[in-house]
Amino acid sequence: MAALDHRIFGAYRTDPVLGFNKIILQGRAKNPEIRAVSQYGGVVSALIIYALETGEIESAVLVKSTDGVNPKPAIVRKRDEVLECARSKYLACPTVSMVLEAVKHERGNVGFVGTPCQVLALRKMQISELKPEANKIKLIVGLFCTWALQASAEKCIRDKVGKEKVLKLDVPPPPANTLIIQTERKRLEVPLDELRRFIMPSCNVCFDMTNEFADISVGTVEGGDDWNTIITRTSIGEKILQTAIAEGVLEAKTLREDKLKHLYEAALMRKRRVLMEMPHEKTAYLLLNDEYKSKILMEKA
Amino acid sequence: MSLFDLVEPGRKVLLMGNEAIARGALEAGVNFCTGYPGNPTSEVVEALAKAARKFDIYVEWSVNEIVALEAAGAAAAAGLRALTAMKNLGADVCSDFLMTVNLSGTRGGFVLVTGDDPSAHSTTTELDTRNYARFADIPLLEPSTAQEAKDMTKFAFELSEELGLICMVRTVTRLSHARGVVTLGPVSKERHTATFSSQDLWTSGSSSITCMFHSILHEKMKRVQAKFEESEFNRYTGNENAEFIIITAGTGWLYSLEAVKLLGLEGDVGILKLGTTWPLPEKLVLKHLKHAKEVLFVEEIDAFLEQNVKMLAAELLAEENVGPLKFYGKKSGHVRGEFGAGTGEIDVDIVIRALAEIKGLNYQPREREYSEKALAAVGSLVPARTMGFCAGCPHRASFLAIKKALQWDGRDGIVTGDIGCYSLGLLPTGFSVAKTLHCMGAGIGTANGFGKLALFGLDKPIIAISGDSTFYHACIPALINAKWHNANILYIILDNNTTAMTGHQPHPGTGSDALGTPIPKIPIEDICRGIGVETRIVDPFDLRDAVQNVYEMLKMDGVKVLIFRHECPLTETKKREKKPKVYVDQDKCIGEECGCARFCTRVFKCPGSIWDPAKGKAKIDDAVCVGCGLCADLCPAKAIIVEEET
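Okay, structure coming up:
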């Protein structure tokens, strides 16, 4: 992990919990139309649209869902196509395979939105000399993530809501412990405990909640439905945030101290749980040194 | 061998503070350097200019400090590492841009070096530029030694680049111009490429966007603060539980160390030396406030640390186990210079006196009557004199011409002065002709007001003075304003073809740049005539012509420009191999009986003319005389002879 930090950011992390980061803010899309179709503040959609429209990237790999449950990776080039991909998908999606298509066949720079594990894969590709085409990926927007469900969860959800089109799935931050399913006609709350058996096994050993290797990471603000937390990590992330603000695409403000604390605690607890509850061989892939491990175990929440 | 040929890391060399700053910039891989000359920072840009070709650096003397900062800012926004150096008043000039580029940010490392001049050795103010760091909310580093000057400059680039925020390094005359041992680091070989594409946007925004950038600035500064808490540039020495601590920065640290040692207080007094003074490393300061009962602040000029620490202490009173604390420093009056607290340079004696007064010690560094005795011992060896123009200086001739013309005119005209060698126009060397002096451009600027006061009863001719470099730096908008509003001003530009006062740097009219590359001149007269102002050019050494022109132009309405053009003898004499021989014909000089009242040595006072008290006659000091021959024109007995070189 230290080696990745150094290769991507040119420095080692000073923040053991949230990873290498430059600025943490809360923000949202200025355009209410984008916000209306987005999960929370619409920052991800707004950033991707902005990057496409300014030519920073010419295409982006996102995730689309025609029925609201089942995700499919998609290459998008236009604003409307981005908006069709808005909102969180809770089922795992093989987006990285589509990235490979994009870097091979798309003209120009490619953007990507994905979960921490997907971003990690892309970063490793970028670092590897075997995948020079991965350097066409010029903007990585990372989503905060705690887990994703296996495809078999679809049946469980469909059993609850029938064939109706699902408009929005949402797992509100704790203490709520439910998946909210919003369809055109109804709103259902499914206890998460019913879904836990569908969680991808690899999610249990995941150490990264805030997408630590993205250019810019975006997630919820606890208790603030129409805002996103934004973490910039690279100069690319910093630049796009700054220019998007200057062009009136995003609005941003200081993340309140208590919200930041919650975020920090959640990310720390995630890491601590993985270290404490998982057998050593399951976390060996992280190649963490003892100093870092003890930092996580000793760090004050 | 110059310091820039030394590439071996680890080698110890003696460097001036300013050279150390330049070396730090080289070690950081600086690409782009700008500045405007002024004490005490001129040598930073000069040193980098010497290194420019070897290390592929772009170096320029800019026309003024705001253009310098803007140009460097653009280089930094394009991803290069850029440095701008200026004196304290320069920070005022560039502050407009500083107060916006703090919000728009930077991609490459962007460092502003400001040089303060406590005691105003060669400045018209004791401005403390640290306030600009607090004002603009940007990181501030204060080196104490030449080594730190180098190391902090290098670190400033790294910090700036990491945070995307301009970073300030503040030096003072005593550090900039003193030499110290510096261990060299490697010169960066990293190559930077400038990029700025149509997707880039570099702005501080307006309305809500500015507020958002302001909020981002605050976030950045929180990070700076966290870094500063751990910085190796801050250190505490002495008893870990000392109840009496000194909090100090910059040169104050060295004075504090020495004072504590001389008073034998090492066991009792702890010294917290801060190198990162804005934002304040609050946790570090708190740690030491907790064991302290009394705190003495030792710092140059303003009570900057003092106020910031007091504010912190006030915030912490309720939450942390801090205090009660007694504070000593500028507010209490314990750290005070000759003219009171918060004025003048501090030194070891001032810190000793402060400690002795607080602790009730009786410490006399030397016998009480020392200074009187020293003065008596020096006696007549040191002649009493004020500052004066150099031998052969054209400004002396210019001021004499102005004085005479004003006498002829008889309306008691007002002369407004400006910044340069010719600031001495206020003193006897300039026949006390100039009556105002502030900052660069204020001569013609204030003349805009004086020249419009006839309506209110002040109907006098107004003459504004400035030099050539100052003309380009700050006078053009004021000249345009005067023309626009038809102010009644005669603006006299003393053009000696150099920026003389700061060490003969080039300017747009000299025909070269910082590296000595020939460049077409931008003549002052073209600019003035372009504005539509009547402009004449006269050599002040042609004194009759000079007086006549001033007199005539004073009678004309509206704005007029008179350029007194004569090269500075310090640059001119370097170009020639021989000088004319000037001497006083001892038969013709009739001394006190002449009736001229020793005009050459008492009034005109060129240092080349001296009075021989034994003979009661004038003579020429050949070692000082530059051979200009102006005194020969002025001598009523025609006793001064100029023999042209053969």
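Listed in order, the protein sequences are those of chains A and B.
Quick note, our numbering runs 3 ahead of the 1-based positions in the first sequence.
Quick note, our numbering runs 8 ahead of the 1-based positions in the second sequence.
Backbone N, C-alpha and C fix where the C-beta goes; we use that ideal spot for every residue, glycine too.
These figures come from a predicted structure and were not determined experimentally.
Proximity winner among 525/B, 33/B, 336/B and 598/B, relative to residue 164/B (alpha-carbon distances): On the second sequence, residue 164/B is found 156 positions in, with the first residue counted as 1. Among 525/B, 33/B, 336/B and 598/B, the Cα nearest to that of residue 164/B belongs to 33/B.
Best match in 520/B, 118/B, 497/B and 250/B for proximity to residue 168/B [C-alpha to C-alpha]: By one-based count along the second sequence, residue 168/B stands at place 160. Of the candidates 520/B, 118/B, 497/B and 250/B, the one whose C-alpha sits nearest the C-alpha of residue 168/B is 118/B.
Beta-ladder partner(s) of residue 114/A, from DSSP: Sequence index remark: in the first sequence, residue 114/A carries index 111 (1-based). According to DSSP, which records beta bridges pairwise, residue 114/A is partnered with 63/A and 142/A.
Reduced DSSP secondary structure (H/G/I, E/B, other) of residue 44/B: In the second sequence, residue 44/B corresponds to position 36, counting from 1. Reduced to three states, the DSSP call for residue 44/B is coil.
Whether residue 277/A touches residue 210/A by CB criterion (8 angstroms): In the first sequence, counting from the first residue as 1, residue 277/A sits at position 274. In the first sequence, counting from the first residue as 1, residue 210/A sits at position 207. Against a cut-off of 8 angstroms, the Cβ pair of residue 210/A and residue 277/A comes out as a contact.
Residue 146/B, DSSP secondary structure in three states: Residue mapping note: residue 146/B aligns to position 138 of the second sequence, counting from 1. DSSP places residue 146/B in the coil class of the three-state scheme, outside both helix and strand.
is_contact[residue 221/B, chain A] using C-beta, thresh 8 angstroms: Sequence index remark: in the second sequence, residue 221/B carries index 213 (1-based). Output row for residue 221/B: interface = yes.
Residue 23/B to residue 182/B span [Cα, whole Å]: Reading the second sequence from its first residue, position 15 is the one you call residue 23/B. Reading the second sequence from its first residue, position 174 is the one you call residue 182/B. Each residue's CA atom was taken as its position, placing residue 23/B and residue 182/B some 13 angstroms apart.
Residues within the region 184-209 of chain B neighbouring chain A, beta-carbon criterion of under 9 angstroms: The residues in question are 205, 206, 207, 208 and 209.
Delimiting residues of the alpha helix (DSSP H) encompassing residue 617/B: Looking up residue 617/B in the second sequence gives position 609. That residue, residue 617/B, is in no alpha helix (DSSP H); its beta strand (DSSP E) goes 617-620.
Proximal residues, the region 22-45 of chain A versus chain B, C-beta separation under 8 angstroms: Per Cβ criterion, the list reads 25, 26, 27 and 28.
Three CB pairs or more closer than 8 angstroms across the region 243-252 of chain A and the region 44-57 of chain A: Counting Cβ pairs under 8 angstroms, three or more are found: they touch.
Collapsed DSSP secondary structure at residue 219/A in the structure displayed: Taking the first residue of the first sequence as position 1, residue 219/A is located at position 216. Strand at residue 219/A.
9 angstroms Cβ cut-off: residues of chain A touching residue 89/B: Stepping through the second sequence from its first residue, residue 89/B is reached at position 81. Here the premise fails: no neighbours, minimum Cβ distance about 14 angstroms.
Residue-chain proximity (residue 51/A, chain B), Cβ-Cβ < 8 angstroms: Within the first sequence, the letter at position 48 stands for residue 51/A. No, no contact with chain B.
Buried/exposed call for residue 369/B, threshold 16 Cβ in 10 Å: On the second sequence, residue 369/B is found 361 positions in, with the first residue counted as 1. Exposed, because fewer than 16 other Cβ atoms sit within 10 Å of the Cβ of residue 369/B.
Outcome for residue 319/B when other beta-carbon atoms lying within 10 angstroms are tallied against a minimum of 16: Mapped onto the second sequence, residue 319/B falls at position 311. Classification of residue 319/B: exposed, given that the 10 Å Cβ count is below 16.
Collapsed DSSP secondary structure at residue 492/B in the structure displayed: Here residue 492/B corresponds to residue number 484 of the second sequence, with the count starting at 1. It is helical.
Under 7 angstroms from the C-beta of residue 238/A: neighbouring residues of chain B: For the purposes of this step, residue 238/A is taken as residue 235 along the first sequence, with counting starting at 1. Ordered by position in chain B, the residues that pass the 7 angstroms Cβ test against residue 238/A are 115.
Nearest candidate by alpha-carbon position, reference residue 63/B, set 40/B, 279/B and 152/B: Against the second sequence, residue 63/B aligns to sequence position 55. The residue with the shortest Cα to Cα distance from residue 63/B is 40/B.
C-beta contact flag for residue 65/A and residue 216/A at 8 angstroms: Taking the first residue of the first sequence as position 1, residue 65/A is located at position 62. Taking the first residue of the first sequence as position 1, residue 216/A is located at position 213. No.
Three-pair Cβ contact test at 8 angstroms for the region 549-563 of chain B versus the region 400-410 of chain B: Touching, yes.
Residue range of the unbroken beta strand (DSSP E) whose run includes residue 190/A: In the first sequence, counting from the first residue as 1, residue 190/A sits at position 187. In this chain, the beta strand (DSSP E) harbouring residue 190/A covers 190-194.
Residues that residue 58/A contacts on chain B, provided the C-beta gap is smaller than 8 angstroms: Counting from one through the first sequence, the residue named residue 58/A turns up at place 55. Against chain B, a Cβ distance below 8 angstroms from residue 58/A picks out 206 and 207.
Simplified DSSP state of residue 23/B, which is helix, strand or coil: Along the second sequence, read from residue 1 onward, the residue named residue 23/B stands at position 15. The DSSP-derived three-state label of residue 23/B is strand.
Through-space distance from residue 60/B to residue 66/B, alpha-carbon basis: As a position in the second sequence, residue 66/B is number 58, starting the count at 1. As a position in the second sequence, residue 60/B is number 52, starting the count at 1. Counting only the Cα atoms, residue 60/B lies some 6 angstroms from residue 66/B.
Within 8 angstroms, strictly: CB atoms of residue 149/A and residue 21/A: Sequence index remark: in the first sequence, residue 149/A carries index 146 (1-based). Sequence index remark: in the first sequence, residue 21/A carries index 18 (1-based). Going by beta carbons, residue 149/A and residue 21/A fall outside the 8 angstroms limit.
Where the alpha helix (DSSP H) containing residue 453/B begins and where it ends: In the second sequence, counting from the first residue as 1, residue 453/B sits at position 445. For residue 453/B, the uninterrupted alpha helix (DSSP H) run begins and ends at 450-458, by DSSP.
Pair within 8 angstroms by beta-carbon distance, residue 268/B and residue 279/B: By 1-based counting over the second sequence, the position of residue 268/B is 260. By 1-based counting over the second sequence, the position of residue 279/B is 271. At the C-beta level, residue 268/B and residue 279/B come within 8 angstroms of one another.
Residue 9/B in three-state terms, based on DSSP: Along the second sequence, read from residue 1 onward, the residue named residue 9/B stands at position 1. Confidence at residue 9/B is low in this model, with a pLDDT of 46, below 50, so the placement of that residue should be treated as unreliable; the coordinate-derived value is given next. Assigned with DSSP and collapsed to three states, residue 9/B falls in coil, not helix or strand.
Within-8 angstroms CB hit, residue 139/A to chain B: Translated into the one-based positions of the first sequence, residue 139/A becomes position 136. For residue 139/A, not one C-beta of chain B is nearer than 8 angstroms to its own C-beta.
Among 136/A, 79/A and 60/A, the one whose alpha carbon lies nearest that of residue 106/A: Along the first sequence, read from residue 1 onward, the residue named residue 106/A stands at position 103. Restricting attention to 136/A, 79/A and 60/A, the CA atom closest to the CA of residue 106/A is found in 136/A.
Proximity below 8 angstroms, CB of residue 281/B to CB of residue 259/B: Position 273 of the second sequence, counted from the first residue, corresponds to residue 281/B. Position 251 of the second sequence, counted from the first residue, corresponds to residue 259/B. The Cβ-Cβ distance between residue 281/B and residue 259/B does not fall below 8 angstroms.
Cβ-based burial, residue 35/B [other Cβ within 10 Å; buried from 16]: Position 27 of the second sequence holds residue 35/B. Classification for residue 35/B: buried.
Residue 150/A - DSSP class collapsed to helix/strand/coil: The sequence position of residue 150/A within the first sequence is 147, counting from 1. When secondary structure is reduced to three states using DSSP, residue 150/A falls in the coil class, being assigned neither helix nor strand.
Backbone CA spacing between residue 262/B and residue 193/B [nearest angstrom]: Along the second sequence, one-based indexing puts residue 262/B at 254. Along the second sequence, one-based indexing puts residue 193/B at 185. Distance between the alpha carbons of residue 262/B and residue 193/B: 24 angstroms.
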